[in-house]
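Chemist: Encoded as structure tokens, here's the structure I'll be asking about.
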């Protein structure tokens, strides 16, 4: 079975400082991994996705994530936080490519990013 | 513009009442999904459909029902059997092949009054 663990429920940074949101995954096959962002009372927006083409994935708004198979991690980073980055972030794994192959998404518990002025 | 439209944005339900949440997509996606979000938790899958006239239960299907009569539409009914329906409901669609992502609607917040 697949699973995702987000290691921090809440992260607080100052504007202009780096952001690190941590995610570990468990999968019996090569996973499809995603990071989504959710602003209050809104739907989810895709930040980036890992497709096995490259281990360092660049996304929107300056975010990037590195896939490390040996550590089963897919941490999200940004060099310099902006006030507009304050939101909920979800690390997600899909069952596509596995035996069930339904497109079902398995979500981490989410990390709330607070950006202080 | 292509996308997923959920309506209404806010919905209030009385005890014992059934309500239906709408989800429409014009992305020509075969697969559609309903997720429930509770505060401080990730999303949990309620129902999904990979093709018209077919759907399967997800992890928390009890107290919910769906239909998929058209490719574009996947309405969710929250029945009176759902004991704790207050939550944020999100609809998603995707092509459901390797390396593709899901697209989400803006959500419906359901509150029991």
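Protein chains in written order, with the working numbering: chain A, 1 to 117; chain B, 118 to 230.
Each residue gets a CB set at the ideal place from its N, CA and C atoms; glycine is no exception.
#1: Can you pull the chain A residues whose beta carbon is under 8 Å from the beta carbon of residue 82 (chain B), in chain order?
#2: Does residue 26 (chain A) get closer than 8 Å to chain B when you measure Cβ to Cβ?
#3: On the CB-based measure, 16 or more other CB atoms within 10 Å of its CB, does residue 146 (chain B) come out buried or exposed?
#4: Going along chain A, which residues have a C-beta under 7 Å from residue 221 (chain B)?
#5: Taking only three categories from DSSP, how would you classify residue 60 (chain A)?
#6: CA-CA distance, residue 182 (chain B) and residue 194 (chain B)?
#7: What does residue 240 (chain B) reach in chain A if we use C-beta pairs closer than 7 Å?
#8: Any C-beta of chain B sitting closer than 8 Å to the C-beta of residue 121 (chain A)?
#9: Identify the contact partners of residue 228 (chain B) in chain A, using a Cβ-Cβ distance below 8 Å as the criterion.
#10: Under DSSP, the beta strand (DSSP E) around residue 197 (chain B) begins and ends at which residues?
#11: Going by DSSP, what residue range makes up the beta strand (DSSP E) through residue 149 (chain B)?
#12: Using the beta-carbon of each residue, which ones in chain B are nearer than 9 Å to residue 198 (chain A)?
#13: Let me confirm a value: residue 111 (chain A) is counted as buried when at least 16 other C-beta atoms fall within 10 Å, else exposed. Which label applies?
#14: Short check: CB of residue 162 (chain B) to CB of residue 150 (chain B), under 8 Å?
#15: Give me, in chain order, the residues of the same chain whose beta-carbon lies closer than 8 Å to that of residue 36 (chain A); leave out the 5 immediate sequence neighbours on both sides.
#16: What distance in whole Å lies between the Cβ atoms of residue 81 (chain A) and residue 17 (chain A), which are believed to be in contact at a cut-off of 8 Å?
#17: From the beta carbon of residue 224 (chain B), is the nearest beta carbon of chain A less than 8 Å away?
Modeler: According to the structure data:
#1: There is no way to answer for residue 82 (chain B), as the model of chain B reaches only from 118 to 230.
#2: no
#3: buried
#4: 43 and 44
#5: helix
#6: 5 Å
#7: Residue 240 (chain B) is absent from the structure shown; chain B starts at 118 and stops at 230.
#8: No answer is possible for residue 121 (chain A): the residues shown for chain A start at 1 and end at 117.
#9: Here the premise fails: no neighbours, minimum Cβ distance about 12 Å.
#10: Taken as a continuous stretch (DSSP letters only), residue 197 (chain B) belongs to no beta strand (DSSP E), as it is neither H nor E.
#11: 148-154
#12: No statement about residue 198 (chain A) is possible, as the shown extent of chain A runs from 1 to 117 and does not include it.
#13: buried
#14: yes
#15: 44, 45, 46, 47, 89, 90 and 92
#16: 6 Å
#17: yes
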